[in-house]
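Below: one structure, written as structure tokens.
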Amino acid sequence: MQPMQGPSSSSQIAEYVLQESYINKFESVVAYSTMEVGGVLGRTDQSTTPILPLGFVILNQDPGCLLTVGVQALASTNPDDDLNLDAAITIHSKLDKIIRQVKLALGGACTSG
1 MQPMQGPSSS
11 SQIAEYVLQE
21 SYINKFESVV
31 AYSTMEVGGV
41 LGRTDQSTTP
51 ILPLGFVILN
61 QDPGCLLTVG
71 VQALASTNPD
81 DDLNLDAAIT
91 IHSKLDKIIR
101 QVKLALGGAC
111 TSG
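Per full-length UniProt numbering, residue 1 is the first one in the sequence shown, and the count goes up by one each step.
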């Protein structure tokens, strides 16, 4: 596990990326999660470190493919809170960004449905 290296800016936060992938002739699966380096290294109790996975699956289908995206998001640290509009918009934006990036990476191999 290596910290991500970004632009040298004081506003950048170093993160670890945990990733698992699997590919065969029928499907491709990628699951990953990011964690702030300070949040991992600065805690004595690692059980409180949130690991919120994101991922996608691409299934080959004639004449194209099916893209499925999953995101686990922490909308609030209080389990009794209801989902508010800002959290829903943030989650929607994250999903939209993932889908656009995967489609771009595939170069149009998956058609929009």
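A virtual CB, placed ideally from N, CA and C, is assigned to each residue, including glycine.
In terms of residues, what are the limits of the alpha helix (DSSP H) holding residue i?
i: Thr48; result: Here Thr48 belongs to no alpha helix (DSSP H), and DSSP marks it neither H nor E.
i: Leu104; result: 85-106
What is the C-beta distance between residue i and residue j, in whole angstroms, given that I count them as a contact (C-beta under 8 angstroms)?
i: Thr34; j: Tyr16; result: 7 angstroms
Looking at C-alpha atoms only, which residue of the options is the closest neighbour of residue i?
i: Leu18; options: Thr48, Gly55, Glu27, Ser47; result: Gly55
i: Val69; options: Val57, Glu27, Ala88, Pro50; result: Val57
i: Ile91; options: Ser76, Asp80, Asp45; result: Ser76
i: Lys25; options: Ile99, Gln61, Leu106, Lys103; result: Gln61
i: Lys103; options: Pro63, Ser28, Leu67; result: Leu67
Where residue i and residue j are concerned, what is the direct C-alpha to C-alpha distance, given to the nearest angstrom?
i: Thr49; j: Glu36; result: 9 angstroms
i: Leu59; j: Ala88; result: 27 angstroms
i: Asp45; j: Pro79; result: 20 angstroms
i: Gly107; j: Ala14; result: 30 angstroms
Heavy atom of the ligand ATP less than 6 angstroms from the Cβ of residue i, yes or no?
i: Asp62; result: Of the ligands one can find in the structure shown there are none, so the ligand ATP has no counterpart to examine.
If you measure between the beta carbons of residue i and residue j, is that distance less than 7 angstroms?
i: Pro53; j: Ala73; result: no
i: Val71; j: Lys97; result: no
Counting along the chain, where does the beta strand (DSSP E) carrying residue i start and finish?
i: Thr68; result: 65-71
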